[in-house]
Structures are given as C-alpha cells and as structure tokens.
Amino acid sequence: MRILIDMHMVGENETGNETYIVNLVKGLKALRSGDEFFLATTNADLLGQTIPFDADCHACPVSQNPFRRLLLDLPRAVRKHDIDLLHVTYAGPFSIPCPMVVTIHDMAYERNAAWFSPRDRFVLATGIRMTAPRASAIITISECSRRDIVAFLHIAQERVHVTYPAAAESLQQDIPAPHIAGSILKRFGVRKPYILAVGNLQPRKNLSRLIQAYADLVNRSHVDHQLVIVGKANWKESEVFRTCRKNNMTDRVLFTGYVLEEELPAFYHEADLFAYPSLFEGFGLPILEAMSCGTAVLTSDVSSMPEVAGAAAQLVDPGSIASIREGLEAVLLNLARRRDLENLGRERARMFSWRRTAEETLRVYRSVVRVT
C-alpha cells in the first residue's frame, strides 16, 4: 500500500496529538510491512530529525494554512503519488479518490464547551463532523472515546476501532543519570521532594482544584513537597495563577512552562508523585509516561483514566478538592503505598506498546483498502 499520513502538527507543540502520530509512524516503519509511507509535513527538515526518510518513507510538503492543506495540498498529494489510503487526525479533505481513515482522540468539546476557546471548539466540531461520516474507518484511543464517538456522531460502533497508544520506550530505557537530571531540574528551579503535574494550563486539566488540594495538604500535614506544574499557557490559564495566589502558594507552586520532550523524563523520574486529576481525557498518556518512569500516579476516576490506569494508580474524584487532598495524603504520607504504586505502575505501562498500536492500525488500513 501507498499510505499518506497527515503530520502537519509535528513541531507545533501539540503534545498528545504530536506524540501519537510520531510514535505511530515510527511503529509502522519498524514493522517493515512492505508498505510505502508519504508523510504530509509543514517542515520536512524538522520531521526528518525525528523520522528519517528513506526509500519507503517520503516527505510530502503541505501548507501551514489548514484550508489550503485540506482543500488543495492533501488531495493533490493523493493524486500525484497514487495513494491507496489517507490517514488524517480530526479533519480531512472534502473529496479524494482513495479511502480515508481519521483518528479522533476524544469528543471533549462535546462533553463541555467551557473547556475550549470558542475558536478551538468551532474548529474541532466543524472538522470532525465533516470528516467522520465520510471516513472509511475511524480510529480512537480508548473505549471511552469510542462510546462518545458513537453517541455524539451517531456512527455505527463497528466503524470505530480502538488502538491504545503507549509511553515511549525511551522513558523506561534511558533513565537520566542523577547529575544530568539534577542539572535539568535546577535550571527550572525545581527542588526535591516534589509532586509533578503535566498538562497545558486549561480548565479541563483541573489544576485549580489540584492547587487547592495541595494547599490544604500543606496546611494540614505540613509536607515539604513542592508542586511542579509542567505545561504551556492555554485557555483561561489566568484562573490557575489566581488560585495559586488566593491560596498563598506562589512560593510553593512552580510553573515551568513548556518542557522539551527530551527533558521531561528527568521530571518524571525524580518526582515522588505524579498528580493527574483531570476532568476528562480521551486517554491520558502522561499516566503511562509517569508509570514507565516508576513514579507513583494519582489520577481521576472518570472518563478513560481508570481504563488506562487499572489498579495501578490512586484514583480520586476530580470534582472534589477533599478527595484529591486525601489521595495526595494516601500516597505521600504512606511510603509502602507509594512503593506499591511504583511497582504496579511499571507493570501496567508494559502492557501497552507502540508496536501493538502500529500492528492494529495497519490491520485497520488493510481492512479498508481490501473492502474498497
């Protein structure tokens, strides 16, 4: 097969979306299936540093302008390279002479409009609702997301395929040396011991409640841990900073901003606890990333997060500050519980792999092309 994959988001710091598509393509290449891949990219030089181009993997330049990419560049590339299948994320072209597979990570914009800016919600809703009905197959990343896609888009369940993502193998294998990790953390102003949170500063990540729960913990139990929040500013980030000031935690909570992927393992490995009390996730990849690094995880008991974490995390009610605080206490003040979660997490993370993701995705490709 000659497969065109839209990778326009690579280099745009789209965190989960970028991590998914990059590791999927790496996995597909590693299978050596005899297929030929064409990667639609806005920056071939940058993408080539992550995924080397060769006889079976080619760069296919497209515009940064989404309208030009969808209306002109992708259809033109399909015709030029005689493509058998196009794989897009969220939104695809209106008309192409080959089957199309679309990945929809979640339907969070339908769950709660307040989690998104009006612009982002409009872009997502328009792209998904115009693409999903025309796709030959839909790929998503959890059973939770599959149920939402079926319910909100009125798509037949058999058209929606779940392929779980995974943490990068390097998180388990490339453990930063203590002096290197220490140097990275020092540069950002991190001091041990600390609790780590990773995620853009948007309402859905529930960072305001996490900060309030942390403040209650500090006042009640006098823990010495710093709270380190890694992630770039996003929709309504000012509310997070306001909560920090209101609870007099500005000297205890550290906002690092965006952290490069190669520096993130140092943050995971050195943390005593990874806190991820999100209000909603299509998957929640940071859960597996922390587990891969042997770090105890606290996460929410809603949406996909119990599906991902299994019995290997401290589950809390994300709508309850008291529940989050009690969860923090249960792990930080009980060393045996923390060690138990560290071990369970490592085992849980090993149950997911990008090779399996690639194999299952390739099966979807083949079923679509064969049927067509």
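Each number in our numbering corresponds to the 1-based position in the sequence shown with 4 added. Just so it is clear, CB atoms sit at the ideal spot from N, CA and C, and this is done for glycine as well. Predicted, not measured: the structure shown is a model, and the values here were computed from it.
Problem - Same chain, Cβ closer than 8 Å to Val105, five either side skipped, listed in chain order - result: Taking the sequence shown and counting its residues from 1, the one referred to as residue 105 is at position 101. Leu89, Leu90, His91, Val92, Ala139, Ser140, Ala141, Ile142, Ile143, Val368, Tyr369 and Val372.
Practice task
Round the Cβ separation of Leu302 and Pro281 to the nearest angstrom and send it over; I've been treating them as touching at under 8 Å.
Solution key: The count along the sequence shown starts at 1 and reaches residue 302 at position 298. The count along the sequence shown starts at 1 and reaches residue 281 at position 277. Correct: roughly 7 Å between the Cβ atoms.
Handout entry: Extent of the continuous alpha helix (DSSP H) run through Met309
Key = Walking along the sequence shown from the start, residue 309 turns up at place 305. It spans Met309 to Ala313 - the alpha helix (DSSP H) in which Met309 sits, taken as one unbroken run.
Handout entry: Nearest residue (CA-CA) to Ala334, options Ile159, Leu277, Leu189 and Phe284
Key = Against the sequence shown, residue 334 aligns to sequence position 330. The shortest C-alpha separation from Ala334 is found at Leu277.
Handout entry: Simplified DSSP assignment, three categories, for Phe126
Key = By 1-based counting over the sequence shown, the position of residue 126 is 122. Correct three-state label for Phe126: helix.
Exercise for the section: Report the option in Arg249, Arg342, Ile87 and Val263 whose CA atom is closest to the CA atom of Pro101. Expected result: Sequence index remark: in the sequence shown, residue 101 carries index 97 (1-based). Distance from the Cα of Pro101 is smallest, within the candidate group Arg249, Arg342, Ile87 and Val263, for Ile87.
Exercise for the section: Determine the contact status of Leu292 and Ala95, defining contact as a CB-CB distance below 8 Å. Expected result: As a first step, residue 292 is located in the sequence shown; it is residue number 288 there, counting from the start. As a first step, residue 95 is located in the sequence shown; it is residue number 91 there, counting from the start. No, Cβ-Cβ distance for Leu292 and Ala95 is not below 8 Å.
Handout entry: For Pro103, the nearest candidate out of Arg329, Asp60, Pro79 and Leu345 (CA to CA)
Key = Counting from 1 along the sequence shown, the entry for residue 103 is found at position 99. Looking at the Cα atoms, Pro79 is the closest of the given residues.
Practice task
Would you check if the distance between the CB atom of Asp124 and the CB atom of Ser149 is smaller than 8 Å?
Solution key: For the purposes of this step, residue 124 is taken as the residue at position 120 of the sequence shown. For the purposes of this step, residue 149 is taken as the residue at position 145 of the sequence shown. Their beta carbons are not under 8 Å apart, which means Asp124 does not touch Ser149 by this criterion.
Practice task
For Pro97, name the three-state secondary structure that DSSP assigns.
Solution key: Position 93 of the sequence shown, counted from the first residue, corresponds to residue 97. Coil at Pro97, not helix or strand.
Handout entry: Cross-strand partners of Arg6 (DSSP beta bridge)
Key = Position 2 of the sequence shown, counting from 1, holds the residue named residue 6. According to DSSP, Arg6 shares a beta bridge with Glu40.
Handout entry: Nearest neighbour of Ser121, chosen from Arg352, Arg360 and Ala237 [CA to CA]
Key = Reading the sequence shown from its first residue, position 117 is the one you call residue 121. Among Arg352, Arg360 and Ala237, the Cα nearest to that of Ser121 is on Ala237.
Handout entry: Beta-carbon gap between Ala185 and Ala270 smaller than 8 Å
Key = Within the sequence shown, numbered from 1, the residue matching residue 185 stands at position 181. Within the sequence shown, numbered from 1, the residue matching residue 270 stands at position 266. Yes. Within cutoff.
Problem - Contact under 8 Å by Cβ, Leu382 with Ala81 - result: In the structure as shown, the chain begins at 5 and stops at 376. Residue 382 is therefore absent and cannot be evaluated.
Exercise for the section: For Arg83, I'd like the list of residues in its chain whose CB is within less than 8 Å of its CB, leaving aside the five on either flank, ordered along the chain. Expected result: If you number the sequence shown from 1, residue 83 lands on position 79. By the criterion of a C-beta distance shorter than 8 Å, Arg83 is surrounded in its chain by Pro101, once the five residues flanking it on both sides are discounted.
Handout entry: Arg352 beta carbon less than 8 Å from that of Met295
Key = Taking the first residue of the sequence shown as 1, we reach residue 295 at position 291. Taking the first residue of the sequence shown as 1, we reach residue 352 at position 348. The answer is yes: Cβ separation under 8 Å.
Exercise for the section: Inspect the beta-carbon positions of Gly235 and Tyr262 and report whether they are closer than 8 Å. Expected result: For this step, residue 235 is matched to residue 231 along the sequence shown. For this step, residue 262 is matched to residue 258 along the sequence shown. In this structure, Tyr262 lies closer than 8 Å to Gly235 by Cβ.
Practice task
Using alpha carbons as the reference points, say which of Thr107, Asp10 and Phe57 lies closest to Val66.
Solution key: Position 62 of the sequence shown, counting from 1, holds the residue named residue 66. Looking at the Cα atoms, Asp10 is the closest of the given residues.
Exercise for the section: Look up Tyr24 in the DSSP assignment and say whether it is helix, strand or coil. Expected result: What you label residue 24 is simply residue 20 of the sequence shown in a count that begins at 1. Reduced to three states, the DSSP call for Tyr24 is helix.
Problem - Environment of Pro290 [buried if 16+ CB atoms lie within 10 Å] - result: Here residue 290 corresponds to residue number 286 of the sequence shown, with the count starting at 1. By the 10 Å Cβ count, Pro290 comes out buried.
Exercise for the section: Report yes if the CB atom of Ala279 is closer than 8 Å to the CB atom of Pro207, and no otherwise. Expected result: In the sequence shown, counting from the first residue as 1, residue 279 sits at position 275. In the sequence shown, counting from the first residue as 1, residue 207 sits at position 203. No, these two residues do not count as a Cβ contact at 8 Å.
Problem - Limits of the beta strand (DSSP E) - the one that Pro65 falls within - result: As a first step, residue 65 must be located in the sequence shown, where it is residue number 61. Unbroken beta strand (DSSP E) run through Pro65: Cys61 to Pro65.
Exercise for the section: Please list the segments of the alpha helix (DSSP H) lying wholly inside the region 142-208, counting only runs of 4 or more residues, in order along the chain. Expected result: Listed in chain order, they are 147-157, 174-177 and 182-192.
Exercise for the section: Check the DSSP bridge columns for Thr365 and list the partner residues they point to. Expected result: By 1-based counting over the sequence shown, the position of residue 365 is 361. Answer by DSSP bridge pairing: none, since Thr365 is not bridged.
Handout entry: Proximity to Ser187 [Cα-Cα], best of Thr107, Tyr113, Glu274 and Ser324
Key = Within the sequence shown, numbered from 1, the residue matching residue 187 stands at position 183. Cα-wise, what sits closest to Ser187 is Glu274.
Exercise for the section: Find out if the Cβ-Cβ distance for the pair Glu173, Glu311 is shorter than 8 Å. Expected result: As a working note, residue 173 is residue 169 in the sequence shown. As a working note, residue 311 is residue 307 in the sequence shown. For the 8 Å CB-CB criterion, Glu173 and Glu311 do not form a contact.
Practice task
Sort Ala313, Ile325 and Ala300 by Cα distance to Asp344 and report the nearest one.
Solution key: For the purposes of this step, residue 344 is taken as the residue at position 340 of the sequence shown. Taking the Cα of Asp344 as reference, the smallest distance to any Cα among Ala313, Ile325 and Ala300 is reached at Ala300.
Exercise for the section: Alpha carbon to alpha carbon, how far is Thr45 from Leu76? Give it in angstroms, no decimals. Expected result: For the purposes of this step, residue 76 is taken as residue 72 along the sequence shown, with counting starting at 1. For the purposes of this step, residue 45 is taken as residue 41 along the sequence shown, with counting starting at 1. As the crow flies, the alpha-carbon of Leu76 is around 14 Å from that of Thr45.
Practice task
Please report how far the alpha carbon of Val164 lies from the alpha carbon of Thr254, in whole angstroms.
Solution key: Translated into the one-based positions of the sequence shown, residue 164 becomes position 160. Translated into the one-based positions of the sequence shown, residue 254 becomes position 250. About 45 Å.
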